[in-house]
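In what follows, a single structure is set out as structure tokens and then discussed.
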Amino acid sequence: SIFRVEFDWDEEYGVAGAVIVKNKHRVQFYLKSITLDDVPGRGRVHFVCNSWVYPAKKYKYDRVFFSNDTYLPSQMPEALKPYRQEELNSLRGDNVRRKLKEHDRVYGYDFYNDLGDPNKGKMYERPVLGGSQEYPYPRRGRTSRNKNKKDPRTESRVPLIFSIDIYVPRDERFGHLKMSDFYAYALKAVGKSLVPTLKTKFKKDVPFESFKDTYKLYDDEEVNMKLPKSKHLEKLRKKLGNELIKELLRIDEAGFMKLPRPEVIKANDSAWRTDEE
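Add 137 to a position in the sequence shown, counting from 1, and you land on the number used in our numbering.
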């Protein structure tokens, strides 16, 4: 949607370098850009936003979007400096001491301190990767989950079923179409594991014989169920608004439970063995 607003601008104010946006609605909206036309002394000023703006009550600061003008630190207009500093502080999230939520915009880093679950017992303890002389690296995205009671250096783990909703800055999360694909392929992957799991119930020794066993994940008709080609099914699929259901009900080559072949082995099954690009 495009919203147009007309207002008077005094040339004495100069050229706008930033815009403060406050969302008074109950839900968030995606702000793509803001354009000011006929600005005295400048003409058009464009602000690239590409960000989700949540209701103002969820923020303790203003959502500020800056124009496309670039400045060296020494040449930045004085009026913009406090807003730039506040934006930087918001993205660092140094003052946020709670568990990060969907509307937060914190791009911080943390150690890998959630690999174990010491609350369950000693056998579930794992070292913290990062921040020590023995394990100086790596880093992961900060989530600020609750600390474990038995080892305050570590964070509590997320149950597997909820791991899909682990904190990621909202502007970096998948869009609804890509997320639907992601969910669909996750369900297909779970479906793929059912047949091998059932086989192990009736056959104790199920060896991994060759990489052909891996290729079967993509080609084996035993687990790659295909829906019948039907005009009625295709019409139903097109009418559905849910992209996840649409992806699962495909009747083309993708199939119902078929995973797409990885690009690296699409043309050549042994391409992964070489270093050629």
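For every residue, glycine included, the Cβ atom is placed at its ideal position computed from N, Cα and C.
Close-in-space but distant-in-sequence residues of the same chain around residue i (CB under 8 Å, 5 per side omitted)
i, result
"V233", "D241, V243, S281"
"Y198", "E223, S227"
"N285", "D254, P255, N256, T291, E292, S293"
Residues of its chain near residue i, where Cβ-Cβ distance is below 7 Å and the 5 sequence neighbours each way are ignored
i, result
"F319", "F311"
"G178", "E148, V152"
"D254", "Y261, R294"
"P214", "G154"
"V185", "S170, N205"
"P264", "Y272"
"E239", "R307"
CA-to-CA distance, residue j to residue i, given in whole angstroms
i, j, result
"Q351", "Y167", "According to the sequence displayed, residue 351 carries Thr and not Gln. Straight-line Cα distance between these residues: approximately 41 Å."
"R235", "N283", "8 Å"
"R141", "T172", "10 Å"
"A292", "Y304", "Here residue 292 is Glu; the residue named in the question, Ala, does not match the sequence. For E292 and Y304, the distance between alpha carbons rounds to 14 Å."
"Y274", "E223", "29 Å"
"K218", "L228", "16 Å"
"Y261", "Y246", "24 Å"
"A321", "E309", "20 Å"
"K159", "A216", "20 Å"
"V156", "L252", "42 Å"
"K161", "S138", "17 Å"
"S269", "D302", "29 Å"
"R181", "Y150", "15 Å"
"K315", "A323", "12 Å"
Where residue i sits in the DSSP three-state scheme
i, result
"R200", "strand"
"D308", "helix"
"D318", "helix"
"A323", "helix"
"V419", "Since the first residue shown for the chain is 138 and the last is 414, residue 419 is missing from the structure and cannot be characterised."
"A153", "coil"
"K284", "strand"
"E148", "helix"
Cβ neighbour criterion (16 or more within 10 Å) applied to residue i
i, result
"R290", "exposed"
"F144", "exposed"
"Y191", "buried"
"L237", "buried"
"P296", "exposed"
"D206", "exposed"
"F202", "buried"
"R163", "exposed"
"R279", "buried"
"R276", "exposed"
"R410", "exposed"
Same chain, Cβ closer than 6 Å to residue i, five either side skipped, listed in chain order
i, result
"L266", "Y249, Y272"
"D288", "P255"
Exercise. Whole alpha helix (DSSP H) runs in the stretch 158 to 195 with 4 or more residues, listed along the chain?
Worked result: none
- Which parts of the stretch 217 to 277 are runs of the alpha helix (DSSP H), unbroken and 4 residues or longer, counting only runs that do not cross its ends? 218 to 229
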